[in-house]
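Heads up, the thing below is written out as structure tokens.
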Amino acid sequence: MKKYPAWRYALLLIVLGVGILYALPNLYPAQPAIQVTYTDSAKSADQKLLSIIQSELFDAGIITEDLSLKNNNIVVRFQSLDDQLLAKSLLQKTLLDQIIVALKLEPTTPDWLANLGGQPLKLGLDLSGGVHFLLEVDVETALNDKTDGLLNSYRKKFRTEKISYSQSQVIDKQLIFVFRDQDSFSRAKDMFFDDSFTATGLQYDLEESASTQTLKLAYSDLAIKELRDYAVQQNLMTLRNRVNELGVSEPVVQRQGANRIVVELPGVQDTTSAKKIIGKTANLEFRLEARSETSRLRKTEFGFKNSNFGSAYLENDVIVTGDRVTNANTGFDENGQAQVNITLDMQGGRAMQRATDGNIGRRLGVLFVEQKSRSSLSVDETGQEVIAQTSYVEKNIISLATVQAVLGTNFRITGVGTPQEASELALLLRAGALAAPMKFVEERTVGPSLGKENIKLGMQSIIAGFALVILFMFIYYKFFGLAANLALTSNLILITGFMSLLGATLTLPGIAGIVLTVGMAVDANVLIFSRIREELKAGKNPHLAIQDGFSRAFITIFDANVTTLIAALILYAIGTGPIKGFAVTLSIGILTSMFTAIMGTRAIVQLMYGNRSLRELKI
102 MKKYPAWRYA
112 LLLIVLGVGI
122 LYALPNLYPA
132 QPAIQVTYTD
142 SAKSADQKLL
152 SIIQSELFDA
162 GIITEDLSLK
172 NNNIVVRFQS
182 LDDQLLAKSL
192 LQKTLLDQII
202 VALKLEPTTP
212 DWLANLGGQP
222 LKLGLDLSGG
232 VHFLLEVDVE
242 TALNDKTDGL
252 LNSYRKKFRT
262 EKISYSQSQV
272 IDKQLIFVFR
282 DQDSFSRAKD
292 MFFDDSFTAT
302 GLQYDLEESA
312 STQTLKLAYS
322 DLAIKELRDY
332 AVQQNLMTLR
342 NRVNELGVSE
352 PVVQRQGANR
362 IVVELPGVQD
372 TTSAKKIIGK
382 TANLEFRLEA
392 RSETSRLRKT
402 EFGFKNSNFG
412 SAYLENDVIV
422 TGDRVTNANT
432 GFDENGQAQV
442 NITLDMQGGR
452 AMQRATDGNI
462 GRRLGVLFVE
472 QKSRSSLSVD
482 ETGQEVIAQT
492 SYVEKNIISL
502 ATVQAVLGTN
512 FRITGVGTPQ
522 EASELALLLR
532 AGALAAPMKF
542 VEERTVGPSL
552 GKENIKLGMQ
562 SIIAGFALVI
572 LFMFIYYKFF
582 GLAANLALTS
592 NLILITGFMS
602 LLGATLTLPG
612 IAGIVLTVGM
622 AVDANVLIFS
632 RIREELKAGK
642 NPHLAIQDGF
652 SRAFITIFDA
662 NVTTLIAALI
672 LYAIGTGPIK
682 GFAVTLSIGI
692 LTSMFTAIMG
702 TRAIVQLMYG
712 NRSLRELKI
């Protein structure tokens, strides 16, 4: 038998060492914990709050493993899930709206291992419990709204430039203008042509008919893609802002495909309240600052969202609301100072023009309006204390800037501070409402007890399958079976280690993928051993039979695993949620099983028989 190269042994040891290193964190199970923060995001958790929490938990007889300040939050660890839930309920009832209490699992990985990037496997909702939503963004509605807004915008421009037209309408997302004379037709065409050029490419597709003096304008494919991406990204940002109020420590809000958004909230069991938060509305109000002589009956005092700025009096009359804001982005004025550029629809532009005409030099306030809920304790029909939620509206000033000219559809807000603050303001202006409607296309709830049961049953299936395979291989293939079993054990370690290293999420279908991988790894070894038996029956000596058996089985193993890997990649590309989890686990398992079966088993067999004189081979 040929000598096995030393570099292959070295590669095996390196890969196995990395796998063991990053599989180790899974030996340190995460502990049930709560994360406590102030409801006011401007306040950081302090020693005073920590002392209050410690006292409340002690008086209630709830045992804690650890209680500490961590990253401006307070983290309390417990011995059991029951203590975790009791502590959350107690603190919510005691401190109500002062704090947000989030359920979480606190890692116990040693610092030296964590510093190397070691982390335990992340668990999906089917294993940890929580709620899952799949929302679909109606991007077509967003595109229709943008097209209608574009029509109104050009109608205004034509009136301003005294361009005469006899017809203007939208048909199938295409703007159609019929002009009264050749001069209007030519000037409008030039206007469309100038507006079409943007930094990213052509914004419009233009069709013209000089004989009928008709121009047809539609968003280009590039512009449509940008508009759709904007709608999805804007909704994504708004949803991320909203789920923060649920008090979930590690929510997942991410885009899936072209127009879908996945929201996963570990630890949340009330889908009704979760959907209420996710689907809630926020708005904006534009009001002029009240004059000093204005009657108190005609003005209202509002605080700034940044509490350091105090408060200001604004008029009761609302000029326009955020429903009229179609876009907001940042820029710089002539002095190089940050500003926010705002675009209103036609109706909002007219209202803003009427309000600011004659009020140059006064300040214009922008109110951020939020629908919130207030917690209070009440007693239900059974005599138990429960937390009751009362809805209320909160209004805070996010901008108060001087009007320097008569405003219309497009205007700017100056004096907004740094470029970063201007960017945040633009985001708030755009986040007041969703960029496009959404619908819930999928929702499910997984209880923590069910998640725990899923983990238990999944591990039982892996252990049972693994034990039966090991027993069969040893009985049927003797010492060769022992080599296969060692390779199979290494395969499981590598799967766990590399999934942890990559930050992959383990789901219940993922556990099924691991069980399937165990079977595939055994199949590879069975193919090798069958080839060795065939070579022995052909009359070859044991050493040559082993060598040829491994080499001839390689092509079959490679072909079978590559085709399965392609199928797994397709599942990952087109699948969602649990299907992706299955595909990831299966893909990693295929690669590790090929490695351990072809190289691992070969190395073990070489160590067992390579330097021995063999007359016969028991296999």
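Per the numbering used here, the sequence shown starts with residue 102, numbered consecutively. We put the CB at the ideal spot given by N, CA and C, even for glycine.
Beta-carbon proximity check, residue i vs residue j, cutoff 7 Å
i: I594; j: A107; result: no
i: V616; j: S688; result: no
i: K406; j: E416; result: no
i: S145; j: N172; result: no
i: V354; j: L340; result: yes
i: A65; j: N430; result: The requested residue 65 does not occur in the structure, where the chain is confined to residues 102 to 720.
i: T590; j: G682; result: no
i: G250; j: D434; result: no
i: K496; j: L465; result: no
i: L191; j: P133; result: no
i: T95; j: G611; result: Residue coverage of the chain in this structure runs from 102 to 720, which leaves residue 95 outside it and unanswerable.
i: P74; j: T299; result: What the structure shows of the chain is the stretch from 102 to 720, and residue 74 is not part of that stretch, so it cannot be assessed.
i: Q571; j: N586; result: As written in the sequence, residue 571 is Ile, which differs from the Gln given in the question. Going by C-beta atoms, I571 is nearer than 7 Å to N586.
i: V619; j: F567; result: yes
i: V470; j: E390; result: no
Residue i, DSSP secondary structure in three states
i: I680; result: helix
i: D147; result: coil
i: Q268; result: strand
i: T722; result: Residue coverage of the chain in this structure runs from 102 to 720, which leaves residue 722 outside it and unanswerable.
i: R256; result: helix
i: T301; result: coil
i: T444; result: strand
i: I488; result: strand
i: N172; result: coil
i: N712; result: coil
i: G652; result: Correcting the residue type first, residue 652 is Ser in the shown sequence and not Gly. Helix at S652.
i: V240; result: helix
Burial state of residue i (16 or more Cβ within 10 Å)
i: L750; result: There is simply no residue 750 to check, as the chain begins at 102 and stops at 720 in what is shown.
i: M574; result: buried
i: L276; result: buried
i: T664; result: exposed
i: V504; result: buried
i: M560; result: exposed
i: Y320; result: buried
i: S169; result: exposed
i: G71; result: Residue 71 cannot be examined here, being either before or after the span of the chain that is shown, 102 to 720.
i: V238; result: buried
i: D184; result: buried
i: K104; result: exposed
i: K205; result: buried
i: P367; result: buried
i: S500; result: buried
i: I656; result: exposed
Chain-order list of residues whose beta-carbon lies under 6 Å from that of residue i (same chain, five-residue window excluded)
i: F581; result: F630 and I720
i: I264; result: S285, R288 and A289
i: P643; result: L715 and L718
i: P221; result: P126 and N127
i: Q148; result: none
i: L62; result: Nothing can be reported for residue 62, as the shown portion of the chain is limited to 102 through 720.
i: S267; result: V279 and R281
i: S297; result: L303, Q304 and Y305
i: V623; result: V570
i: E636; result: A646, D649 and G650
Whole-angstrom C-beta distance between residue j and residue i, which should lie under 8 Å
i: T510; j: G450; result: 3 Å
i: A188; j: I121; result: That belief does not hold up - the Cβ atoms of A188 and I121 are roughly 36 Å apart, past 8 Å.
i: I154; j: V137; result: 6 Å
i: R513; j: T491; result: That belief does not hold up - the Cβ atoms of R513 and T491 are roughly 39 Å apart, past 8 Å.
i: V364; j: F234; result: 4 Å
i: N662; j: I691; result: 5 Å
i: D418; j: R463; result: About 13 Å separates the two Cβ atoms, so there is no contact after all.
i: Q199; j: T140; result: 6 Å
i: N555; j: D227; result: 6 Å
i: Y129; j: A704; result: The Cβ separation is near 30 Å, so there is no contact.
i: L244; j: V271; result: With 8 Å as the limit, L244 and V271 do not qualify as a contact, their Cβ atoms being about 11 Å apart.
i: T210; j: G219; result: 6 Å
i: N428; j: T444; result: 4 Å
Neighbourhood of residue i by C-beta distance below 8 Å, restricted to the same chain and skipping five residues each side
i: V480; result: E486 and V487
Spatial neighbours of residue i in its chain, beta-carbon cut-off 7 Å, leaving aside the 5 residues before and after
i: F756; result: What is shown of the chain runs 102 to 720, which leaves residue 756 out entirely.
i: R56; result: Outside the displayed span of the chain (102 to 720) sits residue 56, for which this structure offers no information.
i: I658; result: A625, L628, M695, A698 and I699
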